[in-house]
Amino acid sequence: MSKKVISIQGTKGSYSHIAAQHMFGEDITLRERETFKALFDDVREQNADYAVLPIENSTHGSIFENYDHLTNYDLHIIGELYLKINFHLIGLPGTKIEELTDVFTHRVSLSQIKDFLHEHPNLEPHAYHDNGAAVEMIAKKADKTHAAAASKLAAELFGMEVLEEKIQDNPKNYTRFFVLSREEEYKKDTNKSTVQFEVKHTPGTLVKALESFSNLGISLSKIESRPILNTTWEYRFYVDLEAGLSDEKMKSALTEMLKHTRNVRVLGTYTFGEYIDT
Numbered sequence: 001m002s003k004k005v006i007s008i009q010g011t012k013g014s015y016s017h018i019a020a021q022h023m024f025g026e027d028i029t030l031r032e033r034e035t036f037k038a039l040f041d042d043v044r045e046q047n048a049d050y051a052v053l054p055i056e057n058s059t060h061g062s063i064f065e066n067y068d069h070l071t072n073y074d075l076h077i078i079g080e081l082y083l084k085i086n087f088h089l090i091g092l093p094g095t096k097i098e099e100l101t102d103v104f105t106h107r108v109s110l111s112q113i114k115d116f117l118h119e120h121p122n123l124e125p126h127a128y129h130d131n132g133a134a135v136e137m138i139a140k141k142a143d144k145t146h147a148a149a150a151s152k153l154a155a156e157l158f159g160m161e162v163l164e165e166k167i168q169d170n171p172k173n174y175t176r177f178f179v180l181s182r183e184e185e186y187k188k189d190t191n192k193s194t195v196q197f198e199v200k201h202t203p204g205t206l207v208k209a210l211e212s213f214s215n216l217g218i219s220l221s222k223i224e225s226r227p228i229l230n231t232t233w234e235y236r237f238y239v240d241l242e243a244g245l246s247d248e249k250m251k252s253a254l255t256e257m258l259k260h261t262r263n264v265r266v267l268g269t270y271t272f273g274e275y276i277d278t
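For the sequence shown, position 170 matches number 170 in the working numbering, and the numbering has no gaps at all.
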């Protein structure tokens with residue numbers, strides 16, 4: 001049996017790589033891509049079986065671009081995962097922190113290790129396009145004055161050493177990932193769904209749309225909005241609901257919701273994601 005091809009944004013050793021391994025195991029073929037859009041293209045064009053896509057971070061919020069892609073592509077969410085983002089200081093084996101002068105990591109990651117950098121003013125921070133790639137670069141240069149803030153997996157893959165663990169400011173920093181597929185994979189035991197919709201231009205329609213679920217005891221765990229292209233002050237909404245599509249209450253709620261909304265689309269139904277430490 002051939003290995004599953006999984007498309008991720010980033011490189012080997014990235015947090016997306018870790019998420020992909022937890023969802024599909026280590027025996028996968030990784031398709032490393034530079035942009036989020038490329039993941040959607042890969043799955044749609046059958047260059048990958050699935051994509052593992054970050055959708056939000058507990059510190060920085062939603063990745064709005066990816067909500068737009070979910071609307072623009074006919075793909076399906078079939079799973080989710082919550083990955084704890086621990087940044088570890090990684091350098092050449094045998095390096096001491098006092099020897100370091102420069103640290104490389106993704107620009108967003110730099111904003112999440114400010115306290116560590118403040119405590120080590122001798123370290124010059126540098127933004128790099130990917131955390132895993134930063135570790136690979138340091139391994140190739142073999143410069144003991146350089147380090148990266150990245151995952152333990154990256155250190156293992158490139159023969160590097162963790163010089164200090166968990167240097168991030170927020171000890172409860174998680175990223176939520178979606179698994180995307182070309183095909184719907186509805187299962188009876190799903191207990192969560194993501195739905196997008198637009199509301200009609202009458203007072204109270206958003207409230208009425210959401211009450212379609214609350215009136216039947218279905219909890220809303222998240223709501224997000226995005227401006228609709230080529231309109232002024234009109235928005236598309238995305239909601240995460242704690243019920244699967246096989247739930248009769250969910251079916252009734254969606255039927256009621258249609259009275260108050262337009263362009264409704266179920267983006268996926270899946271089971272609650274695990275919380276994974278790194």
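For glycine and all other residues, C-beta sits at the position ideal for the given N, C-alpha and C.
Please read all numbers here as calculations on a predicted model, not as lab measurements.
For A209, the three-state secondary structure derived from DSSP is helix. Assignment of A38 by DSSP, reduced to helix, strand and coil, places it in the helix class.
In the three-state reduction of the DSSP assignment, R33 falls in the strand class, which pools E and B. Here the alpha carbons of D68 and L229 stand approximately 10 Å from one another.
For the pair A38 and G91, the CB atoms are not nearer than the 8 Å cut-off. In the DSSP assignment, H76 falls within the unbroken beta strand (DSSP E) covering 76 to 84. With respect to S193, L123 sits apart: the two C-beta atoms are not nearer than 8 Å. Annotation: the continuous alpha helix (DSSP H) that includes S16 extends over 15 to 24. Around the beta-carbon of A155, 16 or more other beta-carbon atoms lie within 10 Å, marking it buried. According to the DSSP assignment, G91 belongs to the beta strand (DSSP E) that extends over 88 to 91. Listed in chain order, the non-local C-beta contacts of E32 below 8 Å within the same chain comprise I8, G10, T11, K12, local neighbours out to five positions each way being set aside.
Taking C-beta atoms as the reference points, F178 and I77 count as a pair closer than 8 Å.
Bounds of the alpha helix (DSSP H) holding T255 are 248 to 257.
In the three-state scheme derived from DSSP, where H, G and I count as helix and E and B as strand, D240 is classed as strand. Runs of the beta strand (DSSP E) spanning 3 or more residues and lying entirely within the segment 91 to 126 occur at 102 to 106, in chain order. Between N86 and T105, the C-beta spacing is not below 8 Å. A distance below 7 Å between beta-carbons, with the five flanking residues on each side excluded, links L210 to the following residues of its chain, in chain order: L220. In the DSSP annotation of this structure, the continuous segment of the alpha helix (DSSP H) that includes E156 starts and ends at 152 to 157. Annotated as proximal: L81 and H22, with beta-carbon spacing under 8 Å. Assignment of T71 by DSSP, reduced to helix, strand and coil, places it in the helix class.
In the structure shown, the three-state DSSP call for A48 is coil. In the three-state reduction of the DSSP assignment, A142 falls in the coil class, being assigned neither a helical nor a strand state. Between S181 and V43 the beta-carbon gap is near 7 Å, inside 8 Å, which marks them as a contact. I97 and L163 have their C-alpha atoms spaced approximately 7 Å apart. The DSSP-derived three-state label of G268 is strand. Relative to D247, the option among Y186, A150, G94, L89 whose CA is nearest is Y186. For N66, the secondary structure class from DSSP, reduced to helix, strand or coil, is helix. Sequence-distant partners of K144 (beyond 5 residues in either direction) whose C-beta falls short of 6 Å from its own C-beta, in its chain, are L92, T95, E99.
Taken through DSSP and simplified to helix, strand or coil, N215 comes out as coil.
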